[in-house]
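In this text, residue positions in the sequence shown follow this note's numbering: the first is 45, and each later residue adds one. No residue lacks a Cβ here, since even glycine has one placed at the ideal position from N, Cα and C. The structure appears below as structure tokens.
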Amino acid sequence: MRPIWIRKARVYAENGVLEEAAVEVREGRIAGIYNAGADGRLPEPPAEAEVIEAEGFALLPGFVDVHVHGGGGGDAMGATRGDLERMCAYHSRHGTTSLLVTTLTAGVEPIAKAVAAAAAFMRSEWTGGAKAAGVHLEGPFLNPAYCGAQDPRTMRAPSAEELEAMLAGTEGVVRLVTLAPEMPGADRAIEFARSRGMTVSAGHTGATYEEMREAVKRGVAHATHLFNGMRGIHHRDPGAAGGALLHPEVTAELICDGVHVHPDLVKLTFDVKTAEKVALITDCISCAGCPDGEYRLGDLPVIAQDGVVTLRGEDGKPGGLAGSTLTMRGAFLNAMRFAGRTPEQVLPALTLTPARQAGIDKETGSIAPGKAADLVLMDAEWNVVWTMADGRIVYRAEISGQPTKGDH
């Protein structure tokens, strides 16, 4: 691969925002970040470099989505390469460079099949979109009373033995596991998951505040889609949501679409936890990017209309929320607006924080020398111009005003 120099962009680097800086990419990694010298000039790139002049554009770390069920017609539970290619390609169009393929509650066999498909995809050559960085098991160890849009018929008490069976020889692929920590068997499942290097998340849970506190002591360090599918806050029982908010050990996911969580609660969450303990997610399902209509979420019928997905009731009318069609770019814009934050105050919640929760923060999640060149270039309106994964541009928008590209 030829070295790439991205010049004069506003660079949102790990150590701060740099005006009109240059980023050097070699062999898929960030080789250097350069400021202008005393004469106001940037260093000259080598003769063999491909140069991208990006004055007036912003260069951000690629987004990391740790909770995504599908997109672009691709479904994580479809367990085929085509499904995974479609969802990874779709999300790269919106700035995502790494994602966790997220399962639905189901039997051991279909979940194990989805995990195995993700593992095979991760081992293969793929340069057509975002990278599958691992798997997030959302279910089946969930509380049926807080099933949300997942099928309660396949939910059951946590089992370390069943969890091991779902891994089916895919060591290191499952990065995150959601369970209801108040249910019988949760202690052993948490211990097993942590012994395999997984981050354990409380979700679809009826845990009281006290049960959540004990779960944190046992190693729960994450909360799945805060406020959704969990015991909420009451002034006499802060519940699972209150426990996630108030325990600094817990990183809280947020679906920041203005539908799942009220904008002012998004602000409250950022006020309490900061972007270092918030992971913005999409919870996106397969119909994202597809026309409005009727689709399926697992075995359940859903209706996608005007950017909102709901369960289809027996009368054919929309019911409760069923995942989302949110993108990470949309979450970024909404979080700035809802929480009253600057881009640099929000960015960790889309990049380094979720990367840390997925255990990939040494590799990606920020612009720093030595890390993978997972980058997104955005214009003044925060439209995605191009997305780069491992030093390759995997998506380029067809818009006017593209940065100039050429040899030095």
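Burial state of residue i (16 or more Cβ within 10 Å)
i	result
residue 54	buried
residue 199	buried
residue 63	exposed
residue 96	buried
residue 187	buried
residue 157	buried
residue 241	exposed
residue 239	exposed
residue 443	exposed
residue 146	buried
residue 79	exposed
residue 395	buried
residue 121	buried
residue 261	exposed
residue 283	buried
residue 292	exposed
residue 168	exposed
residue 361	exposed
residue 315	exposed
residue 255	buried
Euclidean distance between Cα positions of residue i and residue j
i	j	result
residue 116	residue 133	8 Å
residue 209	residue 301	35 Å
residue 249	residue 222	10 Å
residue 114	residue 228	30 Å
residue 335	residue 358	22 Å
residue 81	residue 406	29 Å
residue 163	residue 220	14 Å
residue 212	residue 160	7 Å
residue 435	residue 237	33 Å
residue 415	residue 279	45 Å
residue 351	residue 138	15 Å
Nearest-angstrom Cβ-Cβ length linking residue i and residue j, presumed shorter than 8 Å
i	j	result
residue 74	residue 413	5 Å
residue 439	residue 426	About 15 Å; that fails the 8 Å criterion.
residue 325	residue 77	That belief does not hold up - the Cβ atoms of residue 325 and residue 77 are roughly 28 Å apart, past 8 Å.
Among the options, nearest to residue i - alpha-carbon criterion
i	options	result
residue 127	330, 443, 433 and 410	330
residue 100	424, 177 and 212	424
residue 383	227, 311 and 260	311
residue 393	61, 362 and 375	375
residue 71	371, 206, 60 and 432	432
residue 89	106, 83 and 67	67
residue 428	344, 340 and 447	447
residue 480	201, 351 and 434	Past the edges of the chain, shown from 45 to 452, lies residue 480, and the structure says nothing about it.
residue 92	69, 142 and 319	69
residue 271	178, 138 and 365	365
residue 257	233, 266, 267 and 287	287
residue 421	441, 404 and 409	441
Beta-carbon proximity of residue i to residue j, cut-off 9 Å
i	j	result
residue 402	residue 144	yes
residue 398	residue 109	yes
residue 230	residue 259	yes
residue 419	residue 103	yes
residue 281	residue 304	no
residue 247	residue 191	no
residue 369	residue 363	no
residue 217	residue 244	no
residue 184	residue 150	yes
residue 51	residue 98	yes
residue 214	residue 372	no
residue 341	residue 148	yes
C-beta neighbour in chain D for residue i, strict 9 Å
i	result
residue 107	This model lacks chain D altogether, as it is built from one protein chain only.
Distance cut-off 8 Å: residue i Cβ against heavy atoms of the ligand FMN
i	result
residue 293	Because no ligand of any kind appears in the structure shown, any question about the ligand FMN cannot be addressed here.
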